[in-house]
Ligand SMILES: [Mn+2]
């Protein structure tokens, strides 16, 4: 959750503290109460460090007390950031139903009994220190199947054996006998199911930097005697980071870039199914080969200022503009050399002329037999039966050659341009 941290990349005119995770924590608490959940779990890095402890404590306490007044308990594990702070937080909020699992790096469990009747067993493991190279899943004795469903809480970096953040992989989780996992450490939400195992990285309540794109917010899990039956994200975050790609191939005026950008942003704001979104911070990537290549380069330093705006009540801010455009290809100029690109350009000129007689017979024959072979391959028999794939004709062959030719030429020239530092 990183209470006390502020998101980065927010336009200078806006106070980034307005978008701190604390605000979303309060909304999460309200939501949990409205939805009458039986338990709230936090999977580590609730706090960042000592300074965020002082800044975030008040907000955390307010939410905690509200949950407590409604009889909703809160189970937490520590992560690499708050390995030493969570125990302190638990001590300071003694009596409010906040419970740490796996303190000191020793697995522990708690049984949830909302109305005096046991319904769920929760297992958790907490960081004993900032860096842990050991695989914590291997420290847990396999959990025997009993009449209650089990939920595991772990703060872990997935799939990288040498990580100092308690790395585990799916097989390790499978061996524990616990089928449902809520994990911490990754800020981008991720839900995965494989076989009997479901694991969820709920992600940060509020995104904190431009890499944490997409919708953020708390999740509600539904479990019955059999196990997990539902997962739903509550899109409460007021801030959203997005990466917007703009193709410039067909542009002849640099002013078309803002227009294209706002078409895309409007579509994104409209698709948002709730009203909580207040600001979108975009990373724009300009791509393609374009005749306005030089104008874009010239305008770039001024461009982002003109793009900060408000769309249907949502502020739009620009984090950065990545210019990956390239100059257009002048076929006859490229064709005038002796290198592979020139030979290919000469062929493309012939292909583009549409005059079949100009294309070398041998090349067409070779291409056509390769295409025919692919067409009759067993893998595509279903498509053939459906009639959805035509047997390659001579015109189709020419078109395939043309398309592939451009693709290869594009690659050859990009390598040359990179080599000459023209990017
Ligand atoms: Mn972490």
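Residue numbers (my numbering): -16 to 406.
Ideal Cβ placement from N, Cα and C applies to all residues, glycine included.
A quick note: this is a predicted structure, and the numbers were derived from the prediction, not measured.
Helix, strand or coil at residue i [DSSP, three-state]
i: residue 12; result: helix
i: residue 56; result: coil
i: residue 215; result: strand
i: residue 161; result: coil
i: residue 18; result: coil
i: residue 406; result: Only weak support is given to the placement of residue 406: the predicted model assigns it a pLDDT of 41, under 50, and the value that follows is read from those uncertain coordinates. Note: residue 406 maps to coil in three-state DSSP.
i: residue 177; result: strand
i: residue 317; result: helix
i: residue -5; result: coil
i: residue 224; result: strand
i: residue 33; result: helix
i: residue 394; result: helix
i: residue 355; result: helix
i: residue 141; result: strand
i: residue 389; result: helix
i: residue 328; result: helix
i: residue 66; result: coil
i: residue 308; result: strand
i: residue 347; result: helix
i: residue 407; result: Since the first residue of the chain shown is -16 and the last is 406, residue 407 is not available in this structure.
i: residue 270; result: strand
i: residue 239; result: helix
i: residue 290; result: helix
i: residue 82; result: strand
i: residue 120; result: helix
i: residue 26; result: coil
i: residue 262; result: strand
i: residue 74; result: helix
i: residue 342; result: coil
Cut-off 7 Å between Cβ atoms - residues of its own chain near residue i, not counting five sequence neighbours on either side
i: residue 328; result: 314, 317, 318 and 392
i: residue 0; result: -11
i: residue 76; result: 44 and 47
i: residue 228; result: 268 and 270
i: residue 406; result: Model confidence at residue 406 stands at a pLDDT of 41, short of 50, so the residue's coordinates are unreliable; what they give is reported in the following sentence. Within the same chain, residue 406 has close Cβ partners 400.
Any non-hydrogen atom of ligand 1 within 7 Å of residue i CB
i: residue 64; result: yes
i: residue -15; result: no
i: residue 67; result: no
i: residue 168; result: yes
i: residue 236; result: no
i: residue 199; result: no
i: residue 88; result: no
i: residue 32; result: no
i: residue 27; result: yes
i: residue 138; result: yes
i: residue 148; result: yes
Residue i, buried or exposed, once every other Cβ within 10 Å from all chains shown has been counted against 16
i: residue 6; result: buried
i: residue 382; result: exposed
i: residue 419; result: Residue 419 is absent from the model: the chain starts at -16 and stops at 406.
i: residue 324; result: buried
i: residue 344; result: exposed
i: residue 61; result: buried
i: residue 106; result: buried
i: residue 322; result: exposed
i: residue 359; result: exposed
i: residue 284; result: exposed
i: residue 303; result: exposed
i: residue -13; result: buried
i: residue 23; result: buried
i: residue -2; result: exposed
i: residue 74; result: exposed
i: residue 187; result: buried
i: residue 233; result: exposed
i: residue 154; result: exposed
Own chain, CB closer than 8 Å to residue i, minus 5 neighbours either side, in chain order
i: residue 214; result: 174, 181, 183, 202, 203, 204 and 205
i: residue 71; result: 36
i: residue 386; result: none
i: residue 2; result: -11, -10, -7, 189, 221, 222, 261 and 262
i: residue 55; result: 15, 16, 20, 21, 22, 23 and 80
i: residue 289; result: 241
8 Å Cβ cutoff, residue i in contact with chain B
i: residue 54; result: The displayed structure is made up of one protein chain only, and chain B is not part of it.
Neighbourhood of residue i by C-beta distance below 6 Å, restricted to the same chain and skipping five residues each side
i: residue 407; result: Past the edges of the chain, shown from -16 to 406, lies residue 407, and the structure says nothing about it.
i: residue 152; result: 142
Query raised in the report: Counting Cβ pairs, one atom from each stretch, are 3 or more of them under 8 Å apart for the region 198 to 216 and the region 231 to 243?
Result: Contact between the region 198 to 216 and the region 231 to 243 is absent, with fewer than three C-beta pairs closer than 8 Å.
**Report entry** the region 257 to 275 contacting the region 294 to 314, beta-carbon criterion three pairs below 8 Å
**Finding:** Yes: the two stretches touch, three or more of their Cβ pairs being nearer than 8 Å.
Query raised in the report: Do the region 47 to 65 and the region 211 to 228 meet, that is, are 3 or more Cβ pairs less than 8 Å apart?
Result: Flag = no, the region 47 to 65 and the region 211 to 228 do not touch.
**Report entry** Stretch pair the region 85 to 96 + the region 35 to 44: three plus CB contacts closer than 8 Å
**Finding:** These segments do not touch.
Query raised in the report: Okay, do the region 157 to 176 and the region 131 to 140 touch, 3+ Cβ pairs below 8 Å being the bar?
Result: In short, these stretches touch, since the Cβ pair count reaches three.
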